[in-house]
Amino acid sequence: MRILIYKEDGLGDSLFCIPFLKYLNDTNSNKIEIYFYSKYSNFLNSVFEGDLKNIEFINKDVLNYTNFNITIFLGPIAKFFKDIITIKSKRKYSIIYKNKLLTNLVLNFFTNTIFFEEINPVLDHEIFNLFNLVFYILKIENLFDINLSNNLRKYILSLYDFENFNNFKLKIEKLNSENFNYFKNFKYPNGYIILHITYKSFLNGISIDDYYDLLKKIIKLGKKIFLVFGPLELKYLDNFKDIQSNDIIIVSNIDLIEYVLICNKADVFIGFDTGACHLAAFSKTKKIISLYPNKIFSYNSIRYSPISIYSKVINLPYSSLKDVINFIT
Numbered sequence: 003m004r005i006l007i008y009k010e011d012g013l014g015d016s017l018f019c020i021p022f023l024k025y026l027n028d029t030n031s032n033k034i035e036i037y038f039y040s041k042y043s044n045f046l047n048s049v050f051e052g053d054l055k056n057i058e059f060i061n062k063d064v065l066n067y068t069n070f071n072i073t074i075f076l077g078p079i080a081k082f083f084k085d086i087i088t089i090k091s092k093r094k095y096s097i098i099y100k101n102k103l104l105t106n107l108v109l110n111f112f113t114n115t116i117f118f119e120e121i122n123p124v125l126d127h128e129i130f131n132l133f134n135l136v137f138y139i140l141k142i143e144n145l146f147d148i149n150l151s152n153n154l155r156k157y158i159l160s161l162y163d164f165e166n167f168n169n170f171k172l173k174i175e176k177l178n179s180e181n182f183n184y185f186k187n188f189k190y191p192n193g194y195i196i197l198h199i200t201y202k203s204f205l206n207g208i209s210i211d212d213y214y215d216l217l218k219k220i221i222k223l224g225k226k227i228f229l230v231f232g233p234l235e236l237k238y239l240d241n242f243k244d245i246q247s248n249d250i251i252i253v254s255n256i257d258l259i260e261y262v263l264i265c266n267k268a269d270v271f272i273g274f275d276t277g278a279c280h281l282a283a284f285s286k287t288k289k290i291i292s293l294y295p296n297k298i299f300s301y302n303s304i305r306y307s308p309i310s311i312y313s314k315v316i317n318l319p320y321s322s323l324k325d326v327i328n329f330i331t
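For the sequence shown, our numbering gives the first residue as 3, with consecutive numbering after it.
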């Protein structure tokens, strides 16, 4: 029996899968072959290497020549509709919304469709949504069942912690002990702040000047600032190169494992609707400030915000950017 769980979207969405993957691995007494596909499979494999032995993280190439018994498609269907048709699987499941009539008609032709609203409250966090959806389908297939107490939500969140994965934790500790360059060059700054430049913010009203104003306020706190640019933000790097401050450390093209180390030792992480906010939650950053466009703030702050029982999470709309400094200290 081969099961494929397919999650073709962002870093945060892939990280949200960690609790159900951990639970699947630990309860896979039938030794079912479980495969997980994501654009971030290589990173997740580095996290889970040696810890989740009952799950195999695969890349796109493997999808083309593997036959599956069951495939569960999670996420925005439009992004991977071709794979829904071409992946070889005896049974395919997709998650649909009642108000997407045309999409549902098409999907129902190629897959067994499950209404999202019948399994989850529409406004619940995605970590719990994914957990419930996957196990609902596996229960239909008579493969898995959940038999946990009323503390299910707390239990699920307890799995969302990089320290649950011993081999990955050892990698982080080894990286730290090997004088990680950013710490080596800056003598292990204490109480530093991470500000992640996010391309989505520029599409929703945040400007370079807004970032500059926030940086000036943080500098006055006397804290070191890691100014981080991910792969999609590198084109904005030149806009910040004239910053004159010894307290700002510009970070670009950082490895995700290295990023976990930086987040784990940070006092504050500030991000704008980005998957890196969820990486900070997974890495147990002390305080996470996550900002969202005003028009979708209520929805996203409930369903897609960073979530952690170890970090203090503060969700704010973009219109509160001027007040962010008050939440840092």
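Here a beta-carbon is modelled for each residue, glycine too, at the ideal position from N, C-alpha and C.
field: Local conformation of Ile-208 per DSSP, three classes
entry: As a first step, residue 208 must be located in the sequence shown, where it is residue number 206. The answer is coil: DSSP assigns Ile-208 none of H, G, I, E or B.
Residues that DSSP places opposite Glu-58 in a beta bridge: On the sequence shown, position 56 is the one that residue 58 refers to. Beta-bridge pairing links Glu-58 to Tyr-37.
message: For a quick check, are the C-beta atoms of Ser-310 and Leu-159 less than 9 Å apart?
response: Start at 1 with the first residue of the sequence shown, and residue 310 comes out as number 308. Start at 1 with the first residue of the sequence shown, and residue 159 comes out as number 157. Closer than 9 Å, so yes.
query: Smallest Cα separation from Ile-122: which of Gly-207, Lys-324 and Arg-305?
result: For the purposes of this step, residue 122 is taken as the residue at position 120 of the sequence shown. For the sequence presented, residue 122 should be read as Asn rather than Ile. Checking every option, the nearest Cα to that of Asn-122 belongs to Arg-305.
message: Does His-280 come out as helix, strand or coil in the three-state DSSP assignment?
response: Stepping through the sequence shown from its first residue, residue 280 is reached at position 278. Helix at His-280.
- request: Taking Ser-96 and Leu-109 to be in contact with their CB atoms under 8 Å, please state how far apart those CB atoms are, rounded to whole angstroms.
  value: Counting from one through the sequence shown, the residue named residue 96 turns up at place 94. Counting from one through the sequence shown, the residue named residue 109 turns up at place 107. With 8 Å as the limit, Ser-96 and Leu-109 qualify as a contact, their Cβ atoms being about 5 Å apart.
Three-state secondary structure assigned by DSSP to Thr-115: Mapped onto the sequence shown, residue 115 falls at position 113. Strand.
task: Spatial neighbours of Gly-14 within its chain, please: CB distance less than 6 Å, with the 5 preceding and 5 following residues excluded, ordered by chain position.
output: As a position in the sequence shown, residue 14 is number 12, starting the count at 1. Here the set comprises Gly-277 and His-280.
message: If I follow the unbroken beta strand (DSSP E) through Lys-332, where does it start and stop?
response: The requested residue 332 does not occur in the structure, where the chain is confined to residues 3 to 331.
query: What runs of the beta strand (DSSP E), each 3 residues or longer, lie entirely inside the stretch 225-290?
result: 227-231, 250-254 and 270-274
- request: Would you mind stating whether Leu-197 and Ile-220 have Cβ atoms separated by less than 9 Å?
  value: Counting from 1 along the sequence shown, the entry for residue 197 is found at position 195. Counting from 1 along the sequence shown, the entry for residue 220 is found at position 218. Yes, the Cβ-Cβ distance between Leu-197 and Ile-220 is below 9 Å.
- prompt: Can we say the stretch 49-64 touches the stretch 170-178, given the rule of at least three CB pairs closer than 8 Å?
  reply: Taking 8 Å as the limit for Cβ pairs, the verdict is that the stretch 170-178 does touch the stretch 49-64.
Sheet register partners of Asn-69 (DSSP bridge): Residue mapping note: residue 69 aligns to position 67 of the sequence shown, counting from 1. Paired residue(s): Lys-90.
task: Just tell me which of Phe-112, Lys-90 and Ile-89 has its CA closest to the CA of Ile-98.
output: In the sequence shown, the residue the question calls residue 98 occupies position 96. Here the closest residue by C-alpha is Phe-112.
message: Taking the alpha-carbon of Glu-35 as reference, which of Met-3, Lys-237 and Glu-10 has the nearest alpha-carbon?
response: As a first step, residue 35 must be located in the sequence shown, where it is residue number 33. Of the listed residues, the one whose Cα sits closest to Glu-35 is Met-3.
message: Could you give the first and the last residue of the continuous beta strand (DSSP E) run that contains Leu-197?
response: Taking the first residue of the sequence shown as position 1, residue 197 is located at position 195. Leu-197 -> beta strand (DSSP E) spans 195-199.
- prompt: Relative to the C-alpha of Ile-291, which residue among Leu-205, Asp-275, Asp-244 and Lys-84 is closest?
  reply: Position 289 of the sequence shown holds residue 291. When only C-alpha atoms are compared, the closest one is Asp-275.
- request: Answer yes or no: do Thr-287 and Ser-313 have a C-beta to C-beta separation smaller than 9 Å?
  value: Counted from its first residue, the sequence shown places residue 287 at position 285. Counted from its first residue, the sequence shown places residue 313 at position 311. Cβ atoms of Thr-287 and Ser-313: closer than 9 Å.
- prompt: Does the Cβ of Glu-119 have 16 or more other Cβ atoms within 10 Å, making it buried, or fewer, making it exposed?
  reply: Indexing the sequence shown from 1 puts residue 119 at position 117. Result: exposed.
query: Less than 9 Å separating the beta-carbons of Phe-70 and Ile-5?
result: Within the sequence shown, numbered from 1, the residue matching residue 70 stands at position 68. Within the sequence shown, numbered from 1, the residue matching residue 5 stands at position 3. Yes; because the gap between Cβ atoms is below 9 Å, this pair is in contact.
query: Which residue comes first and which comes last in the beta strand (DSSP E) that contains Lys-9?
result: Position 7 of the sequence shown, counted from the first residue, corresponds to residue 9. Note, Lys-9: beta strand (DSSP E), 4-9.
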